[in-house]
Structures are given as structure tokens and as C-alpha cells.
Amino acid sequence: MEINLQEFFNSKPYGLDKEKKEAMLSRQLIELTEYHRKNCSLYKNLTDGLGYEEQSIHTYYELPMLPVRLFKQYDFKSVAGEQVSKTMTSSGTSGQQTSKIYLDRNTSMNQTKALTKICNDFLGNSRHPMLVIDTKAVISNRRMFSARGAGIKGFSIMGRDITYALDEQMNLDVEGIQKFLDRHKDETIFMFGFTFMIWQYFYLELEKHHIRLNMKDGVLIHGGGWKKLASLSVDNETFKEKIREVCGNVKVHNYYGLVEQTGSIYMECEKGHLHASVFSDIVIRNPRDFSVCSNGEEGMVELLSVLPVSYPGHVILTEDEGVVLGEDDCPCGRKGKYFRINGRIKQAEIRGCSDTYEQH
24 MEINLQEFFN SKPYGLDKEK KEAMLSRQLI ELTEYHRKNC SLYKNLTDGL
74 GYEEQSIHTY YELPMLPVRL FKQYDFKSVA GEQVSKTMTS SGTSGQQTSK
124 IYLDRNTSMN QTKALTKICN DFLGNSRHPM LVIDTKAVIS NRRMFSARGA
174 GIKGFSIMGR DITYALDEQM NLDVEGIQKF LDRHKDETIF MFGFTFMIWQ
224 YFYLELEKHH IRLNMKDGVL IHGGGWKKLA SLSVDNETFK EKIREVCGNV
274 KVHNYYGLVE QTGSIYMECE KGHLHASVFS DIVIRNPRDF SVCSNGEEGM
324 VELLSVLPVS YPGHVILTED EGVVLGEDDC PCGRKGKYFR INGRIKQAEI
374 RGCSDTYEQH
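The numbers in the numbering used here rise by one with no breaks, and the one at position 38 of the sequence shown is 61.
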């Protein structure tokens with residue numbers, strides 16, 4: 024049984040209306056569920072325990088959900104060990120277990136293709152000079168990536184003349200950044216990093232030394248770390264405002280995603296809404312009975328993605344709370360659900376974000 028995702032790659036990332044997208048996703052995700060049940064005995068045992076019956080499933084809303092924490096406790100694989108080409112790990116705070124996600128070449132390639140297709144909708148199809156607001160040291164182990172390293176490698180596909188803003192001691196390389204900007208002074212600059220690291224090691228350092236980069240045209244894509252920034256009373260709008268103060272004319276796009284579903288990220292549009300692409304969807308569940316919440320009603324976040332084929336990560340119940348704001352009618356013009364993440368559910372384990380950097 025071979026999983027074919029070509030119809031998703033042939034579609035515009037935000038071009039399908041509710042009826043077409045739900046039909047396409049349901050067909051693929053039900054097929055994926057059967058595939059993983061045949062190829063991962065652990066997943067089959069878990070779904071059997073949840074009372075799974077194939078004949079009773081008609082849409083992806085009825086598929087069994089794996090709690091995201093299980094990926095910290097068990098090794099889920101739907102391919103033979105020798106087919107695993109890369110292992111990704113979630114970041115964690117000290118003493119916590121990390122998730123391990125096992126990728127074969129096809130799954131890894133499809134994640135990169137989907138990420139590129141999603142981001143091209145915001146960046147355009149050209150590759151832009153890229154400033155990575157991190158240190159190159161984080162990608163040194165090519166076979167075992169942290170979420171942070173995987174994010175950098177994934178987004179680097181869309182960049183050229185890739186330059187790192189921090190040295191190996193996490194110090195800001197102001198001279199290197201300025202030389203990079205001088206080389207590309209009339210071009211669109213693509214910047215990528217993890218939210219808290221951008222704030223801590225880039226923005227605060229520029230501000231402290233009264234440095235202004237004065238970019239004529241830039242795009243910053245960033246994700247993760249909002250819990251730490253919230254403790255500093257820095258919200259999304261404040262973050263954008265402060266970045267523009269030190270960088271100049273920069274469009275800032277937050278994104279939401281999990282290492283357990285790498286590739287099918289949820290990008291923030293120009294109106295400040297997170298969007299589900301053709302490769303994924305979000306369902307908000309009532310925490311009391313797991314029924315589907317109405318638009319505007321807060322609940323637990325379930326994420327679905329067609330990309331996880333080497334492991335059963337296609338239907339995941341997260342430990343986040345959120346709200347679906349609408350579908351097919353965002354003022355930005357993109358179709359699909361758009362939503363807001365409100366934070367962690369109460370008493371959930373504090374997960375280390377992919378931007379976590381601990382100084383020892």
C-alpha cells in the first residue's frame with residue numbers, strides 16, 4: 024500500500040473551500056490511518072483500545088487522536104528501522120523526555136516540499152538572501168535534529184547566501200550582519216528564527232547598543248516561545264512593532280506548528296490570523312467530552328496532517344487551547360480555517376519550545 028500525496032501538492036496551499044478540502048483530507052487521512060494500523064503494531068493496539076472500527080469512520084473528525092505526550096514515551100514507526108534516514112527530537116526543558124520522530128526519505132522530502140509551498144505563498148517563488156537569527160552550531164548533527172535545527176534546515180531551502188546572526192557563543196555578530204545587508208541592500212531580506220531567541224539575542228542586543236539595521240524590504244518568519252515572552256508582557260503586536268523599530272521595513276509572520284507534524288505549519292497572515300493549509304487542518308475539541316467546538320468557542324487543539332507517513336503522527340491531540348475564528352472568509356483572501364492559539368491547557372506539562380536555549 025503506497026501513500027500518494029500528489030493531489031495535495033497539485034493544489035494551491037490555500038485554494039480549496041470547506042467542502043472540497045474536507046472530502047480530500049478525509050479520504051487521505053482515513054487511508055493513512057489504515058496504513059499506520061498495518062505497519063505500526065503499537066498504533067494498532069492503541070487505536071483498538073480506543074474502539075476504532077474502520078467501517079464506522081466517514082470523516083477525519085471521527086478518527087482516533089494520539090495525545091502528543093505519547094511521542095515522548097513510545098517509539099512510533101511505520102517503516103523498518105533501516106529505512107529511517109533522520110530522527111527529529113523536540114526540545115525540552117531540563118529533565119524532561121523529548122519526542123523522537125522517525126523519518127524516511129519520502130516523508131522528509133514531502134515535509135520540505137509542503138513547507139516550501141506554504142511559505143512561497145508569503146515569500147514568493149524566488150529565493151531571497153537569508154539571515155538566520157541563530158547559531159550555525161545548532162545544525163551540526165545532520166542525522167539527529169532538534170526541532171530548532173530542523174526548522175533552520177527546512178526554511179533554508181527558501182534562502183540563499185545564508186548568514187547566521189549569532190556566533191557559537193550566542194553573541195550577536197553585528198559586523199557580519201552589516202556586511203550581509205550591504206551585499207543585499209536593494210533586495211528583499213528573508214529572516215528566520217525562533218521567537219524568544221530573536222527577542223533575547225537579536226532585538227534586545229540591537230536595542231541595547233542603539234543599532235538600527237534600516238532594511239528597505241524584509242520578511243521575518245518566526246515561531247515558538249510565546250510563553251516566555253508573555254511573562255515579559257510582550258505580545259504579538261509588541262513583538263512586531265519592536266522588530267520594525269530596529270530592522271526597518273519588515274513584514275513579520277508568526278507561525279504555529281509541532282515537531283510531531285513538521286512541514287505542515289500554520290502561518291500567520293497579514294491580518295494576524297493563523298491559517299490551515301491544504302496539507303493540514305485544526306479541530307477544536309471540548310475538553311469534557313471531546314465534541315467539536317463551534318467557531319469562536321475555546322477548547323483543546325487537535326491537529327491533522329497528511330504528511331506523516333513514516334510514523335503515525337497524522338492525527339494528534341495537543342496540549343494547547345485555541346479558537347477557530349472562521350473558515351473560507353478571512354479578509355486576507357486565503358481559504359481554509361483560520362484560528363488563534365490561546366496558550367497551554369491548565370496543568371499540562373510545560374514543553375520546551377524549539378527556541379529554548381539554556382545557558383549553563
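Note that the Cβ used here is the ideal one computed from N, Cα and C, for glycine as well.
Everything numeric in this text was worked out from a predicted model, so none of it was measured.
I'd like to know whether the C-beta atoms of residue i and residue j end up nearer to each other than 8 angstroms.
{"i": "Ala173", "j": "Val282", "result": "yes"}
{"i": "Tyr97", "j": "Ser300", "result": "no"}
{"i": "Leu138", "j": "Leu327", "result": "no"}
{"i": "Val257", "j": "Phe213", "result": "no"}
{"i": "Val107", "j": "Asp127", "result": "yes"}
{"i": "Thr218", "j": "Gly246", "result": "yes"}
{"i": "Lys100", "j": "Tyr125", "result": "yes"}
{"i": "Arg206", "j": "Asp190", "result": "no"}
{"i": "Asn272", "j": "Glu291", "result": "no"}
{"i": "Gln134", "j": "Thr285", "result": "yes"}
{"i": "Leu39", "j": "Val338", "result": "no"}
{"i": "Ile221", "j": "Val197", "result": "no"}
{"i": "His296", "j": "Leu252", "result": "no"}
{"i": "Val315", "j": "Val324", "result": "no"}
{"i": "Lys263", "j": "Tyr226", "result": "no"}
Whose C-alpha, out of the options, is nearest the C-alpha of residue i?
{"i": "Asp343", "options": "Asn365, Lys41, Arg235", "result": "Asn365"}
{"i": "Glu350", "options": "Val338, Asn318, Gly336", "result": "Asn318"}
{"i": "Asn148", "options": "Leu154, Lys136, Lys159, Thr158", "result": "Lys136"}
{"i": "Glu45", "options": "Val329, Lys369, Pro152", "result": "Val329"}
{"i": "Ser287", "options": "Tyr278, Ser303, His296", "result": "Ser303"}
{"i": "Val161", "options": "Gln134, Glu264, Gly216", "result": "Gly216"}
{"i": "Ile200", "options": "Gln223, Leu236, Arg171", "result": "Leu236"}
{"i": "Ile244", "options": "Phe313, Asp144, Gly336", "result": "Asp144"}
{"i": "Leu229", "options": "Val269, Phe262, Asn62, Asn194", "result": "Val269"}
{"i": "Ile80", "options": "Ser64, Glu57, Asn62", "result": "Glu57"}
{"i": "Ala188", "options": "Lys159, Tyr289, Phe362, Arg311", "result": "Lys159"}
Given that a residue counts as buried once 16 or more other Cβ atoms are within 10 Å of its Cβ, and exposed if not, what is residue i?
{"i": "Glu25", "result": "exposed"}
{"i": "Pro331", "result": "buried"}
{"i": "Glu30", "result": "exposed"}
{"i": "Cys355", "result": "exposed"}
{"i": "Asp378", "result": "For Asp378, the predicted structure reports a pLDDT of 37, less than 50, and the residue's modelled location is therefore unreliable. A value from the coordinates is still provided. Classification of Asp378: buried, given that the 10 Å Cβ count is 16 or more."}
{"i": "Leu255", "result": "exposed"}
{"i": "Ser117", "result": "Confidence at Ser117 is low in this model, with a pLDDT of 44, below 50, so the placement of that residue should be treated as unreliable; the coordinate-derived value is given next. Classification of Ser117: exposed, given that the 10 Å Cβ count is below 16."}
{"i": "Gln382", "result": "Its pLDDT being 39, under 50, Gln382 is placed unreliably in this model, and the value from its coordinates should be taken loosely. By the neighbour-count rule (16 or more Cβ atoms within 10 Å), Gln382 is not buried but exposed."}
{"i": "Pro152", "result": "buried"}
Let me check one thing: in DSSP terms, what residues is residue i bridge-paired to?
{"i": "Lys360", "result": "Glu350"}
{"i": "Val315", "result": "Arg308"}
{"i": "Ser328", "result": "Ser303"}
{"i": "Asn277", "result": "His245"}
Inset, instruction - Could I get the ranges of all uninterrupted alpha helix (DSSP H) runs contained in the segment 24-53, with 4 residues as the minimum, in chain order? - result: 29-32
Legend entry - Unbroken stretches of the alpha helix (DSSP H), 4 residues or longer, contained in the segment 218-247: 227-231
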